[in-house]
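Protein chains in written order, with numbering that gives the first Met the number 0: chain A, 0 to 395; chain B, 0 to 85.
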Amino acid sequence: MPQLGADMAAATLTEWLRKPGDAVKHGDIVAVVETEKGAIEIEIFEDGVIDKLLVDPGTKVPVGTVLATIDGDHTEAAGVSTAPPPTTPTEAAPKPAPRPAEAPEKPPRPEARPRSPADRIKISPAAARLAAEHNIDIRALAGTGPDGAIGLTDIENAIQGTASAGGPEDKSTDTPGAAMRRAIAAAMSRSKREIPHYYLSTPIDMTRAMDWLEEANRNRPVTDRLIYSVLLIKAVARALEEFPELNGFWNEDEFRPARDIHIGWAISLRGGGLVSPALHNANRMEPDPLMAALRDLVKRARAFRLRGSELSDPTITVTNLGDQGVETVFGVIYPPQVALVGFGRIVERPWVVDGAVQPCRIIQTSLAADHRVSDGHRGGLFLSKIDRLLQEPETL
Amino acid sequence: MNDETLKSSLIDAILEIAPEADFDILDADDDLRAQLDLDSMDFLNVMIALHEKLGIDIPEADYPKLFTLNDAIGYLREKTTPAADA
Chain A
0 MPQLGADMAA ATLTEWLRKP GDAVKHGDIV AVVETEKGAI EIEIFEDGVI DKLLVDPGTK
60 VPVGTVLATI DGDHTEAAGV STAPPPTTPT EAAPKPAPRP AEAPEKPPRP EARPRSPADR
120 IKISPAAARL AAEHNIDIRA LAGTGPDGAI GLTDIENAIQ GTASAGGPED KSTDTPGAAM
180 RRAIAAAMSR SKREIPHYYL STPIDMTRAM DWLEEANRNR PVTDRLIYSV LLIKAVARAL
240 EEFPELNGFW NEDEFRPARD IHIGWAISLR GGGLVSPALH NANRMEPDPL MAALRDLVKR
300 ARAFRLRGSE LSDPTITVTN LGDQGVETVF GVIYPPQVAL VGFGRIVERP WVVDGAVQPC
360 RIIQTSLAAD HRVSDGHRGG LFLSKIDRLL QEPETL
Chain B
0 MNDETLKSSL IDAILEIAPE ADFDILDADD DLRAQLDLDS MDFLNVMIAL HEKLGIDIPE
60 ADYPKLFTLN DAIGYLREKT TPAADA
C-alpha cells in the first residue's frame, strides 16, 4: 500500500483490476483503493507478471503492506513487491514493504513521530496509554468527558469500532467529507507545528499575459481554449528550474531537492475539501497539453478518481484562489513539500508603465516557503523570475 | 428554439459541472459563478457543454453576457435565432 500523501496511514483495497498471471508494465493501473481523498487508482512501477494478490478487496491495510507480488525485475514497486522466487505460501501475512522506489520521500507517519500530538489533546493518561497500545488515532476522536476530554471509555469504544471492521484506524461510519477534513487537519497541523514558514508577496502585471491569452483564444473553438491558470502553472514550473531549494521534500531533518518538477495543483472539491494532485513535469509541457492535463485532472479529482502517483508526486503546491475573489493568498505548505505559491484575483489597477499611468491587470503572487531550506532573498528572486516569465507569455 | 428549451439546456450544462445546484433558490439576475462557486475552469466547461448541446460556439469575449441565468438565456436566444428572423 503506497503512501499517497503525508496524511495517509491506511487505506482500503476496493478492487483488483489485474489477476495473477497477467502481464503488467510500468504505469499500468492494477488496483483501486479507497482513501479519504476518494478512490485512488494504484499504478505499478515495473514490468512483470502478477504472481499473487495478497490482500482481498474490502480489506483496510496500513501503508507499507505488500498488496501483491510480481515476477519481474528486482526493484520494488509502489505497494507491489517483486516476488522472491519462489514465494512461500505464508507470504499472505501483511508485512511492511521496503520503501517504494518511486516514492523515496516517504514522510514519517504521524504516529511514528516522537512528539505525540497527545499533549495538545485533552486525554487522560490511562486513555492515552491504551490508545497507544492499540494504535488508535486520538486526533480523530471526539471525547465525551468534561471539556471534550478523551477518557478510557472513548478509547475502548474506538478499539471495538476498529476491531469489528478489522482495520487499524477504520472510520467506516464517516462521511467522505469528514474523512477528508481529518486528513487535511492532520497535514496542516503538522505543517504549522514543524515548518517555519516565511511569506512573500508581490504584484505581477498580467496585462500582457491576458492579452496574449485572449488573442490565442479568439481563434480557437471553445473546446480548445486555454485558461490563465495554465500560464501561471507554466511560469511557476519554469521558474523552479532555477530554484531547486523550493522544489522537493523535507524528510528526517534534511532537504532533498526533487529531480523533476511536478506541480501540485490545489483543486477545491464541490461540497468541501481539497486535493492537490500532480501535473507531472509541468515545466516541460506546452500550454495545450498542459491545459488538457489540467482539465483531465480537475475532472477526475471532482469525480474522486485520481491516481496514486498524482497524490504522492507533487514537489510543490500552487493554488489560485482568484476565482473566489480574494486578492492575496497566505499559503500553508503541504508537508513534506517546502513551498507553496498562491495567486489571488486579477484586478484592474492604475499602474505606472514607462512613466505613464495606465490601467493594468494585476495579480498578487505569494510564496510561503520553508525557512529551513531557503531564505527570503532567494524566495524574492523566485517571485521575480515568475514575473519575468509572465511578461513573455509567448515563450511559456 | 424557445426560452424553455434554452433554459433547460443551460441548466443541464450547469448541472454537469455543479450537480448540487438548486435552481429553485438561484437568483436569475445574480452572477452564476458566485452563486454556484464556478471557477474559470468550471465556467469554460459550461461553455463547452452548451456548445455540445446547442451547437453554438460562444467567443470568450462574450462570456460576461452569460454570467447570470437571465442574461445567458437572452444571449442564447439571440445566438440560436436564424439571422433571417432577427
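From the three backbone atoms N, C-alpha and C, an ideal C-beta is built for every residue, glycine too.
Keep in mind it's a predicted model, so treat the numbers as computed, not measured.
At least one CB of chain A closer than 8 angstroms to the CB of residue i: is that the case?
i       : result
B:Leu14 : no
B:Tyr77 : In the sequence on display, residue 77 of chain B carries Glu and not Tyr. No, its Cβ sits nowhere closer than 8 angstroms to a Cβ of chain A.
B:Ser39 : yes
B:Ala71 : no
B:Ile24 : no
Secondary structure at residue i, three-state DSSP: helix, strand or coil?
i        : result
A:Glu40  : strand
A:Lys24  : coil
A:Arg128 : helix
A:Asp204 : strand
B:His50  : helix
A:Gly379 : helix
A:Tyr197 : strand
A:Asp136 : coil
A:Arg344 : strand
A:Thr314 : coil
A:Gly321 : helix
B:Asp70  : helix
A:Ser267 : strand
A:Lys51  : strand
A:Val235 : helix
A:Ala162 : Only weak support is given to the placement of A:Ala162: the predicted model assigns it a pLDDT of 46, under 50, and the value that follows is read from those uncertain coordinates. In this structure, A:Ala162 counts as helix in the three-state DSSP scheme.
A:Leu305 : strand
Compare the C-beta of residue i with all C-beta atoms of chain B and state if any pair is closer than 8 angstroms.
i        : result
A:Ile226 : yes
A:Leu389 : no
A:Thr206 : no
A:Glu213 : yes
A:Asn216 : yes
A:Asp322 : yes
A:Arg304 : no
Around the Cβ of residue i, are there at least 16 other Cβ atoms within 10 angstroms (buried) or fewer (exposed)?
i        : result
A:Val331 : buried
A:Ser383 : exposed
A:Asp223 : exposed
A:Arg387 : exposed
A:Arg189 : buried
A:Arg306 : buried
B:Leu37  : buried
A:Gln357 : exposed
B:Asp28  : exposed
A:Ala182 : buried
A:Pro109 : Its pLDDT being 38, under 50, A:Pro109 is placed unreliably by the model, and the measurement read from it follows with that caveat. With 16 or more Cβ atoms within 10 Å of its Cβ, A:Pro109 is classed as buried.
Could you round the C-beta distance between residue i and residue j to whole angstroms and report it? I think they count as a contact, below 8 angstroms.
i        : j        : result
A:Leu239 : A:Asn246 : 5 angstroms
A:Pro286 : A:Lys233 : 6 angstroms
A:His196 : A:Asp369 : 7 angstroms
A:Glu326 : A:Trp211 : Rounded, the Cβ-Cβ distance is 23 angstroms, inconsistent with contact.
A:Ala396 : A:Ala186 : Outside the shown range of chain A (0 to 395) lies residue 396 of chain A, about which nothing can therefore be said.
A:Gly406 : A:Ile226 : In the structure as shown, chain A starts at 0 and stops at 395, and residue 406 of chain A therefore has no counterpart that could be examined.
A:Val297 : A:Ile266 : 6 angstroms
A:Phe381 : A:Leu395 : So it is not a contact: roughly 16 angstroms between Cβ atoms.
A:Ala67  : A:Leu53  : 6 angstroms
B:Ala17  : A:Arg269 : 6 angstroms
A:Arg344 : A:Gly321 : 4 angstroms
List, in chain order, every chain A residue whose beta-carbon is nearer than 8 angstroms to that of residue i.
i       : result
B:Ile57 : Val221
B:Glu19 : Arg269, Gly270
Show which residues of chain B have a CB atom less than 8 angstroms away from the CB atom of residue i.
i        : result
A:Val297 : Met40
Starting from the beta carbon of residue i, find every residue of chain A whose beta carbon is closer than 7 angstroms, and list them in chain order.
i       : result
B:Leu43 : Arg224, Ile226
B:Ile47 : Val221, Thr222
List, in order along the chain, the chain B residues whose C-beta lies closer than 9 angstroms to that of residue i?
i        : result
A:Arg294 : Met40, Leu43, Asn44
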